[in-house]
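Reading through the structure tokens given below for one structure.
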Ligand code: GDP
Ligand code: IMO
Ligand code: MG
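In my numbering, the protein residues as written are 52 to 476.
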């Protein structure tokens with residue numbers, strides 16, 4: 052029995068949802084530890100494609116309990132829609148979904164502020180998902196956030212919201228010149244939502260502690276990816292939480308010694324949505340080709356994803372800051388038709404070779420990737436079930452990834468469907 056963290060090793064959208072769903076077949080609990088409705092985790096099975104944003108990807112397996120941890124920021128209005136969507140698919144969530152009482156909520160003013168700040172930043176914008184993530188985490192750290200537990204007490208809720216909204220209304224009026232919020236209306240809306248959500252609230256850290264003690268099989272599901280981490284990503288072009296493995300301990304209230312395995316989900320190439328540095332990015336024509344092969348459009352916003360070569364510097368950064376013990380390599384099939392493939396092994400700045408991921412944007416803007424080229428395999432891989440049946444050049448490509456990072460590959464994904472997966476022993 053084990054506790055496994057699933058973490059995005061690049062800029063998100065590596066296929067975490069697919070792998071969490073796959074593992075959930077033999078798992079008792081899946082718990083999300085950070086992020087919020089900015090995430091879009093896609094699961095494909097029996098001909099249907101389901102995109103989850105806030106509900107953990109274990110929900111599609113009837114026996115799995117799903118937890119939304121204290122480190123997540125939840126939009127209760129959007130979650131209500133997602134619960135309706137999931138139950139509309141015939142999935143029974145009764146007694147299977149728990150939300151930490153400590154989880155902070157995203158309100159209408161967070162969503163509005165996210166959009167207004169991005170619009171005001173013009174060319175310097177982050178390119179956020181516009182879901183209110185940044186402003187909600189700002190309030191959490193500023194100690195004025197609203198937690199689920201607050202939604203159950205009308206007077207506490209009113210007091211907190213009155214203070215927050217009075218301040219925000221001043222900014223909306225003076226800086227952005229837009230309509231102000233009606234405090235009583237927001238209080239009533241959130242209190243009503245609290246009445247509904249009461250059934251899901253739990254002391255989830257205690258629940259997990261007991262589950263770990265009794266040897267349950269547990270997956271901690273990360274959202275976003277290491278290069279979007281607020282500390283270790285391409286700051287400031289990052290999200291506002293800690294998607295890295297360490298974030299699971301803070302975001303769920305579990306100790307680091309409980310973790311047995313950290314699987315890094317690694318796309319066989321690279322993508323990113325939004326603005327910010329991307330050293331191995333393709334030129335526009337090639338990006339368009341790979342985007343179409345890999346259907347690289349955001350699962351949350353529908354935005355086209357920027358595409359690039361596999362970057363071993365990025366993934367090694369991820370191996371280190373997450374303590375990755377295994378890889379799940381996804382979307383290998385997307386590369387099936389390419390004549391040759393490049394892997395970035397280091398960066399060069401003038402004569403200087405850089406083999407770690409630089410912290411500052413100026414250096415990132417000045418570096419050139421150092422590539423090695425491998426032959427393509429020009430064979431369809433999406434029906435292959437055994438590792439040994441993969442084309443020789445595909446195995447060579449995977450071996451090189453493993454060699455450059457010193458991490459073994461446990462899973463290779465060759466298509467969207469649950470079944471299009473190769474598990475290595
Ligand atoms: P997540 O955010 O990490 O869960 O990833 P997303 O769901 O946002 O994006 C991954 C996309 O790739 C989804 O459309 C998946 O269905 C798809 N996908 C996952 N694994 C594979 C694979 O091995 N091959 C192909 N072709 N698509 C995949
Ligand atoms: P999953 O879990 C890819 C990106 C946004 C933007 C930056 C900040 O599906 O992998 P935010 O709305 O979080 O303030 O936006 O982070 N971003 C993601 N990119 N996958 C995600 O999640 C993302 N969540 C946020 O595009 O660049
Ligand atoms: Mg996604």
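A virtual CB, placed ideally from N, CA and C, is assigned to each residue, including glycine.
If you're wondering where the values come from, they're calculated on a predicted model, not measured in any experiment.
Here's the rule I'm using: 16 or more other beta-carbon atoms within 10 Å means buried, otherwise exposed. How should residue i be labelled?
i, result
"residue 400", "exposed"
"residue 318", "buried"
"residue 403", "exposed"
"residue 45", "This structure gives no information on residue 45, because the portion of the chain shown stretches from 52 to 476."
"residue 419", "exposed"
"residue 117", "buried"
"residue 94", "buried"
"residue 439", "exposed"
"residue 476", "exposed"
"residue 287", "exposed"
"residue 78", "buried"
"residue 188", "buried"
"residue 248", "buried"
"residue 223", "buried"
"residue 293", "buried"
"residue 171", "exposed"
"residue 88", "buried"
"residue 432", "buried"
"residue 467", "buried"
Judging by CA-CA distance, which residue of the options is the nearest neighbour of residue i?
i, options, result
"residue 273", "169, 301, 246 and 137", "301"
"residue 416", "447, 471, 426 and 328", "328"
"residue 434", "178, 371, 387 and 134", "387"
"residue 201", "239, 219, 175 and 172", "239"
"residue 352", "58, 90 and 247", "90"
"residue 332", "173, 303 and 394", "394"
"residue 414", "303, 425 and 398", "398"
"residue 412", "283, 166 and 88", "283"
"residue 227", "307, 432, 163 and 147", "163"
"residue 307", "260, 72 and 99", "260"
"residue 364", "334, 337, 208 and 410", "410"
"residue 425", "442, 447 and 112", "447"
"residue 251", "134, 166, 205 and 175", "134"
"residue 253", "437, 59 and 146", "146"
Below 8 Å on the Cβ atoms is my guess for residue i versus residue j; work out the distance and round it to an integer in Å.
i, j, result
"residue 285", "residue 184", "Not quite, the Cβ-Cβ distance comes to about 16 Å (not below 8 Å), so this is no contact."
"residue 199", "residue 158", "So it is not a contact: roughly 12 Å between Cβ atoms."
"residue 357", "residue 323", "5 Å"
"residue 275", "residue 141", "The pair is not a contact, with the Cβ atoms about 29 Å apart (cut-off 8 Å)."
"residue 65", "residue 381", "6 Å"
"residue 347", "residue 341", "7 Å"
Per DSSP, what are the beta-bridge partners of residue i in this structure?
i, result
"residue 472", "464"
"residue 348", "355"
"residue 148", "117"
"residue 318", "381"
"residue 82", "118 and 271"
"residue 92", "103"
"residue 422", "395"
"residue 125", "156"
"residue 252", "150"
"residue 362", "395"
Is the separation between the beta-carbon of residue i and that of residue j shorter than 9 Å?
i, j, result
"residue 54", "residue 271", "yes"
"residue 107", "residue 129", "no"
"residue 311", "residue 298", "no"
"residue 104", "residue 67", "no"
"residue 156", "residue 186", "no"
"residue 295", "residue 379", "no"
"residue 345", "residue 385", "yes"
"residue 499", "residue 422", "Limits of the chain in this structure are 52 at one end and 476 at the other, which puts residue 499 out of reach."
"residue 375", "residue 305", "no"
"residue 177", "residue 241", "no"
"residue 268", "residue 80", "yes"
"residue 160", "residue 123", "no"
"residue 278", "residue 61", "yes"
"residue 383", "residue 458", "no"
"residue 75", "residue 115", "yes"
"residue 349", "residue 321", "no"
"residue 255", "residue 151", "yes"
"residue 428", "residue 450", "no"
"residue 190", "residue 215", "yes"
"residue 469", "residue 136", "no"
"residue 57", "residue 110", "no"
"residue 220", "residue 315", "no"
"residue 70", "residue 462", "yes"
"residue 303", "residue 121", "yes"
"residue 229", "residue 148", "no"
"residue 237", "residue 203", "no"
"residue 408", "residue 368", "yes"
"residue 73", "residue 430", "no"
Is there at least one Cβ from chain D nearer than 9 Å to residue i's Cβ?
i, result
"residue 432", "Although the question refers to chain D, the structure presented lacks it and comprises just one protein chain."
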